[in-house]
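Take a look at the structure set out below.
Numbering (the UniProt record's numbering), first residue to last: 1 to 80.
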């Protein structure tokens with residue numbers, strides 16, 4: 001399957017779902033990987049699923065969101 005064929009499928013299903021945002025296969029892949037990591041999947045597991053040869057490529061998906069930072073802070077900061 002060509003990359004153009006995949007993009008056409010994404011466009012088709014986005015239209016059927018009445019989505020107004022532009023989607024791309026890369027964006028869906030990025031969201032998938034980020035969601036896995038946020039929900040506790042291991043970096044090596046995600047690397048394997050995405051087929052990355054280098055772990056550094058997978059680490060791109062490990063950015064931390066503001067709600068995650070607050071949760072980590074609240075959980076780990078000592079209460080004075």
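Just so it is clear, CB atoms sit at the ideal spot from N, CA and C, and this is done for glycine as well.
Check	Outcome
Beta-carbon proximity of residue 58 to residue 47, cut-off 8 angstroms	yes
Own chain partners of residue 4 with C-beta closer than 7 angstroms, once the 5 adjacent residues on each side are dropped	none
Spatial distance of residue 51 from residue 79 (CA atoms)	43 angstroms
Candidates 39, 75, 74, 71, of which the one nearest residue 61 by Cα	39
Beta carbon proximity, residue 65 to chain B, threshold 8 angstroms	Looking at the structure shown, chain B is missing, and only one protein chain is on hand.
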